[in-house]
Amino acid sequence: MSDPVPVTTLPPAVVVDRLTRNFGTFTAVDQVSFNVSPGEIFGFLGANGAGKTTTIRMLCGLLLPTSGNATVHGNDIYTQPNRIKACIGYMSQRFSLYEDLTVRENIQFYGGIYGLRRETIMQKTTELLQELDLVDKADQLTGALPLGWKQRLALSTSLLHDPPLLFLDEPTSGVDPQSRRRFWLLIHRLAAEGKTIFVTTHYMDEAEYCHRISIMAQGRLVELDTPSALRDKYDCDTMQEVFLRTVSGSPSL
Amino acid sequence: MRRVFYLVQKEFRQIRREKAYIAIIFLMPFVQLVILGYAITTDVRNVGVVVVDQDHSRYSRAILASLETGETFQLLGTVPTERAARRLLDRGKAVVAVIVPHGFGQNLLRGEQPALQLLLDGVDGNSSGVALGYLQGLLAGLQLEWVREVPELARQIQSIHLIVPEPRLWYNENLVSVNHIVPGILAVLLTMITLFLTAMNIVREREIGTMEQLQVTPIRGWELILGKVLPFVLLGFLLLNVGILAVQLIFAIPMQGSLLLLYLMSLLFMLSTLGLGILISTLAHTQQQAMFIAWFFSIFTILLSGFFIPIENMPDVIQYLTYSNPLRYFMTVIRAIYQKGSELPVLLDEVAGMALIAGITISTAVIRLRKRNV
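Chains A and B, in that order, are what the protein sequence lines are. Each number in the working numbering comes from the position in the first sequence (counting from 1) with 22 added on. Each number in the working numbering comes from the position in the second sequence (counting from 1) with 1024 added on.
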């Protein structure tokens, strides 16, 4: 189901140039460079601790880099973190919702935090509840929802301010295969609407859904191409095999 | 500013759903005031006294009789020997032993000024000091009567002009320690709720990941802080009012000063402890850690506030340390307003102290919450 990479003349949505982050003597992200095009689904693959989350946290303005440069939607990550925050949606693997608030209250709260007008919040709430099929669960506590619902609700709340760019950090971890499939259909619809999606995962089957894949190992970017190009290059049938080849090919393993 | 409204609204929705908060606000003041108000008392009462009467004179009987009157001492009885009295002190049955030696009455009449031995259990130095004071007063009273019976001394005493002190105790005429302790408990309650609840609340948001989610929104550091401070200030005021009501209902202690002044002072005080609570939350990664750090701070805050140990009794270094303690100022303020009816002009030092601490803790908290992890 992977669509061709969108061809565009627009400036890149994300530009990363030799971005580095050390924690003490440990280098979590080591001289990483890449660009993400507008409307692209950009997959970030790697084992746990490969540096995916650290990279995403630097791009979202949650963590300062040690060195290197990056811009998000044309905004510098050092000097314009607040402008970045206004134009990105962010969802982590923790599906950060308030479990002791109802579904409706969560939507209202995040809408308010993103500075939406009261009428817009009301309208968005109605829309979202229908879209997510949560109309009759609107006034239930969010904590009581199944994980798959929480995941889609978390995604929707991070989209309330209609950001052109979406950062998803392992958005499907712990969710059943059916919910994952539904989630990826949603992602593709968003990309078709022109949103840029930056997604990290360690599910290799999900990698197939991305326009381009970058593979990280020990903090460095070891591959960056379309899934089919990578399969051809390594002469593999699945991304799973590609991943194992790239990781075992890295010098320290 | 609209963002702050949504933060406050969210906080109250969460508070409303948490039954523990309701108990903390409406039950804790009553329970704590009743239990602590009566338990924490510096009044010395019912001090167990044992008398070794080896004299069996009119005088030793007078001592026994005077020990039986009043509420300070509880006469446990007489024992024949000093050893028996010591044993009672060792076992903690008695706190004071009065030993009237053989021939005490006779020697007294001869003007030989006989010794009267007093043994005190000094484990609780404060109480035994107070007990000794009462005991000396009591004996001084007896001596004034007896001195007239000693012809030799009676003549001398006429030429001595004794000073007769006439003590008048202001503000708390009957020296009832409840009047002093109870407003103090209110201050401690307010410290606990603002310090603990804020610290725990913010760390919980960090644990479930919503704090990170908020940090990727365009919300400003001060908006986030205000969104946390406002709900807890309101909660603090609710608790304060329940507390004031409880003080009135249970102890019938009237507030001499202005309620409005107490409100203003409480606001200032809560800002300083809320700032401290938010600072604690930036130091902790888990709610347990936050709890430990908050405990660490609150122990010092309470012990070094003058709540039960007067600050003037502390070593100089510790006294300087107490200037950094917001409760030190508020303890003075709430007691002064309750007991003396003090007005703002005499409390300006305390206002300055609390304002300075509030300013420092809140601005540090804003910086620390806004700062990206470096």
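A virtual CB, placed ideally from N, CA and C, is assigned to each residue, including glycine.
Boundaries of the alpha helix (DSSP H) in which residue i is found, first to last residue
i, result
"glutamine 1056 of chain B", "1052-1063"
"serine 180 of chain A", "169-180"
"methionine 1315 of chain B", "1311-1327"
"arginine 1399 of chain B", "Residue 1399 of chain B is absent from the structure shown; chain B starts at 1025 and stops at 1398."
"isoleucine 63 of chain A", "Careful: isoleucine 63 of chain A lies outside any alpha helix (DSSP H), inside the beta strand (DSSP E) at 63-68."
"valine 1357 of chain B", "1350-1359"
"serine 236 of chain A", "Careful: serine 236 of chain A lies outside any alpha helix (DSSP H), inside the beta strand (DSSP E) at 234-239."
"serine 55 of chain A", "Taken as a continuous stretch (DSSP letters only), serine 55 of chain A belongs to no alpha helix (DSSP H), being part of the beta strand (DSSP E) at 48-58."
"isoleucine 143 of chain A", "140-153"
"arginine 203 of chain A", "199-214"
"valine 1206 of chain B", "1201-1232"
7 Å CB neighbourhood of residue i in its chain, flanking five on each side removed
i, result
"serine 274 of chain A", "Its pLDDT being 41, under 50, serine 274 of chain A is placed unreliably in this model, and the value from its coordinates should be taken loosely. Closer than 7 Å at Cβ, skipping near neighbours: Gln240."
"valine 58 of chain A", "Pro34, Ala35, Val36, Phe64, Thr218, Phe220"
"serine 1151 of chain B", "Val1068"
"glycine 1135 of chain B", "Val1174, Glu1176, Leu1177"
"serine 272 of chain A", "Confidence in serine 272 of chain A is poor, its pLDDT being 47 and thus under 50, which makes the residue's placement too unreliable to answer from."
"alanine 213 of chain A", "Gly61, Ile63, Ile219"
Beta-carbon proximity list for residue i, same chain, < 6 Å, skipping 5 on both sides
i, result
"proline 60 of chain A", "Thr30, Leu32, Ala35, Thr218"
"serine 201 of chain A", "Gly170"
"leucine 1099 of chain B", "Val1073, Leu1091, Glu1092"
"histidine 183 of chain A", "Tyr136"
"proline 185 of chain A", "Cys109, Ile110, Gly111"
"threonine 1346 of chain B", "Leu1328, Ile1335, Arg1352"
Beta-carbon proximity list for residue i, same chain, < 8 Å, skipping 5 on both sides
i, result
"asparagine 128 of chain A", "Leu119, Tyr120, Thr164, Leu175, Thr179"
"lysine 107 of chain A", "Cys82, Gly83"
"leucine 1303 of chain B", "Thr1385, Thr1388, Ala1389, Arg1392"
"proline 1138 of chain B", "Pro1125, Gly1127, Phe1128, Asn1131, Leu1132"
"glutamate 1095 of chain B", "Arg1069, Asn1070"
"methionine 1355 of chain B", "Gly1208, Ala1211, Ser1329, Gly1330, Phe1331"
Extent of the continuous beta strand (DSSP E) run through residue i
i, result
"valine 37 of chain A", "36-45"
"aspartate 1079 of chain B", "Note, aspartate 1079 of chain B: premise wrong, no beta strand (DSSP E); not H, not E."
"threonine 222 of chain A", "218-223"
"isoleucine 110 of chain A", "110-113"
"leucine 188 of chain A", "187-191"
"glycine 1101 of chain B", "1097-1103"
"leucine 156 of chain A", "Segment: none, leucine 156 of chain A is in no beta strand (DSSP E) and carries neither H nor E."
C-alpha distance - residue i paired with residue j, whole-angstrom precision
i, j, result
"asparagine 1203 of chain B", "leucine 1288 of chain B", "22 Å"
"histidine 1126 of chain B", "leucine 1142 of chain B", "15 Å"
"valine 1398 of chain B", "proline 199 of chain A", "With a pLDDT of only 48 at valine 1398 of chain B, under the threshold of 50, the placement of this residue in the model should not be trusted; the figure read from the coordinates follows. Roughly 37 Å separates the two Cα atoms."
"isoleucine 235 of chain A", "arginine 126 of chain A", "36 Å"
"alanine 160 of chain A", "proline 168 of chain A", "14 Å"
"phenylalanine 1220 of chain B", "glutamate 62 of chain A", "46 Å"
"valine 1120 of chain B", "threonine 1297 of chain B", "43 Å"
"leucine 1372 of chain B", "arginine 1352 of chain B", "14 Å"
"proline 1104 of chain B", "phenylalanine 1332 of chain B", "39 Å"
"proline 1369 of chain B", "glutamine 145 of chain A", "54 Å"
"phenylalanine 66 of chain A", "glycine 134 of chain A", "31 Å"
"methionine 23 of chain A", "glutamate 230 of chain A", "Bear in mind that a pLDDT of 49 at methionine 23 of chain A, under 50, signals an unreliable position, so the model cannot answer this."
"leucine 1060 of chain B", "isoleucine 1209 of chain B", "8 Å"
"glutamate 141 of chain A", "leucine 1031 of chain B", "18 Å"
"leucine 1285 of chain B", "threonine 1234 of chain B", "38 Å"
"glutamine 1343 of chain B", "isoleucine 1335 of chain B", "6 Å"
"alanine 1086 of chain B", "leucine 1168 of chain B", "13 Å"
"glycine 1153 of chain B", "phenylalanine 1097 of chain B", "14 Å"
"aspartate 1145 of chain B", "valine 1122 of chain B", "12 Å"
"leucine 1262 of chain B", "asparagine 70 of chain A", "48 Å"
"valine 38 of chain A", "serine 114 of chain A", "21 Å"
"leucine 1283 of chain B", "threonine 1218 of chain B", "20 Å"
"valine 1375 of chain B", "leucine 1300 of chain B", "17 Å"
"glycine 1377 of chain B", "threonine 222 of chain A", "51 Å"
"tyrosine 1045 of chain B", "isoleucine 143 of chain A", "29 Å"
"isoleucine 276 of chain A", "arginine 203 of chain A", "Any property of residue 276 of chain A remains undetermined from this structure, which presents chain A solely from 23 to 275."
"threonine 248 of chain A", "arginine 211 of chain A", "19 Å"
Contacts of residue i in chain D (Cβ-Cβ under 9 Å)
i, result
"glutamate 141 of chain A", "Among the chains of the structure shown, chain D does not appear; the protein chains present are A and B."
When you compare the region 81-101 of chain A with the region 119-136 of chain A, are there three or more beta-carbon pairs, one atom per stretch, that lie closer than 8 Å?
no
Write down every uninterrupted run of the alpha helix (DSSP H) in the region 1250-1299 of chain B whose length is 4 residues or greater and which is fully enclosed by it, in chain order.
none
Pairs of beta-carbons, one from the region 141-154 of chain A and one from the region 1055-1075 of chain B, closer than 8 Å: are there three or more?
no
Quick check for students: name the residue ranges of the alpha helix (DSSP H) that lie wholly in the region 1115-1159 of chain B, counting only runs of 4 or more.
Listed in chain order, the complete alpha helix (DSSP H) runs (minimum 4 residues) inside the region 1115-1159 of chain B are 1128-1133.
Taking three-plus beta-carbon pairs below 8 Å as touching, is the region 1110-1123 of chain B in contact with the region 1071-1081 of chain B?
yes
Contact between the region 1266-1284 of chain B and the region 1357-1372 of chain B is defined here as three or more beta-carbon pairs at a separation below 8 Å; is this criterion met?
Result yes; three or more Cβ-Cβ pairs closer than 8 Å.
When you compare the region 1026-1041 of chain B with the region 1255-1265 of chain B, are there three or more beta-carbon pairs, one atom per stretch, that lie closer than 8 Å?
yes
With three or more C-beta pairs closer than 8 Å as the rule, is the region 1205-1217 of chain B touching the region 100-114 of chain A?
Touching, no, given that fewer than three Cβ pairs across the two stretches are closer than 8 Å.
Identify every run of the alpha helix (DSSP H) within the region 74-105 of chain A, keeping only runs that are complete inside it and at least 4 residues long; order them along the chain.
Entirely contained in the region 74-105 of chain A, the alpha helix (DSSP H) runs reaching 4 residues are, in chain order, 74-81.
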